[in-house]
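Residue numbers for the sequence shown follow our numbering, so the first one is 525 and each next one is one higher.
Right, one structure below, let's go through it.
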Amino acid sequence: MSEAPRKRGRPRAYDPDAALAQARDVFWEGGFTGSSLDALSAATAMNRPSLYGAFGDKEALYLRTLERYRDASLVAIRQALDPGRSLREGLGILYATALSTYLDERAGARGCLLIGTAAVEAVLHPAVRAMLHGSLAAFEQELEERFRLARDRGEIGAGTDPVTLARLAAAVLHSLAVRARAGEARATLEAIADSGVAMICAAAGAA
């Protein structure tokens, strides 16, 4: 009798989610340009051919980490702005949640992955620019929807503009991200966040 044919290939010996998380941390610390393939290989425990086979080239891997970060951020925004809590409370939770990411206890003051790294690469890498632009627009869309709901149910003034308020709220978020990466003290960042909530709610005519 002839031997049964052997199955081609071998099952993947890596966890894609874990590998992307490890690669993300390398990019978060060193940025796209400053993160070598050797560093990415060491962090993911995958050699270069395996990395290429799993995720494509370095830029493709970087874009995948940005995509996952964007998606997780959108979930966090929706949870913070839950309509079941007041707008003021939701904004406070949004900024507190962001700061817990920007000032990670283990990784240190690293700010926002998108703002801190993608903004640097956007000029020379069109795909990165598109990812950054789309991500920021998606964040503002979530904020705009919450402001629109608040206006529709009388939580804020009827004459307020949800688009303008969303941009203002996002600007506070971006400022916190940059200042966190620059090493600003947590107390200072928390004070900025509190002032931002007060300013936005005042502008919106919120109770």
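Idealized CB from N, CA, C, for every residue including glycine.
Owing to the predicted nature of the structure, the values given are computational and were not obtained by experimental measurement.
Test item: CB-CB of residue i and residue j under 9 Å
{"i": "C636", "j": "I680", "result": "no"}
{"i": "L667", "j": "A690", "result": "yes"}
{"i": "L544", "j": "A622", "result": "no"}
{"i": "R612", "j": "A547", "result": "no"}
{"i": "A674", "j": "A715", "result": "no"}
{"i": "A706", "j": "G616", "result": "no"}
{"i": "S624", "j": "A642", "result": "no"}
7 Å Cβ shell around residue i - same chain, five flanking residues per side excluded
{"i": "D628", "result": "R634"}
{"i": "S719", "result": "none"}
{"i": "L618", "result": "I601, A604, L605"}
{"i": "L656", "result": "L638, A642, A643, A646"}
{"i": "A693", "result": "L615, L667, I724"}
{"i": "R572", "result": "L561, S565"}
{"i": "S559", "result": "V550, F551"}
Bridge partners - residue i, DSSP secondary structure assignment
{"i": "G580", "result": "Partner(s): none; G580 has no beta bridge."}
Per-residue DSSP class, three states only, for residue i
{"i": "R534", "result": "Reliability fails at R534, whose pLDDT of 42 lies under 50, so the model's placement of it is uncertain and no value is given."}
{"i": "G632", "result": "strand"}
{"i": "L605", "result": "coil"}
{"i": "L627", "result": "strand"}
{"i": "A567", "result": "helix"}
{"i": "S560", "result": "coil"}
{"i": "G555", "result": "helix"}
{"i": "V599", "result": "helix"}
{"i": "I724", "result": "helix"}
{"i": "T621", "result": "helix"}
{"i": "E668", "result": "helix"}
{"i": "A659", "result": "What sits at residue 659 in the sequence shown is Ser, not Ala. Helix at S659."}
{"i": "V647", "result": "coil"}
{"i": "R677", "result": "coil"}
Other residues of its chain near residue i: CB distance less than 6 Å, five sequence neighbours each side excluded
{"i": "V696", "result": "G720"}
{"i": "W552", "result": "R634, L637"}
{"i": "G683", "result": "none"}
{"i": "R594", "result": "S659"}
Short CB-CB distance (under 9 Å) between residue i and chain C
{"i": "A566", "result": "Judged by its chain identifiers, the structure shown contains no chain C, having just a single protein chain."}
Contacting residues, own chain, Cβ-Cβ under 8 Å from residue i (five flanking each side not counted)
{"i": "L598", "result": "A662, F663, E666"}
{"i": "G640", "result": "W552, G555, R634, A701, V702, R705"}
{"i": "T557", "result": "V644, E645"}
Stretch pair the region 648–663 + the region 580–590: three plus CB contacts closer than 8 Å: Yes, the region 648–663 touches the region 580–590.
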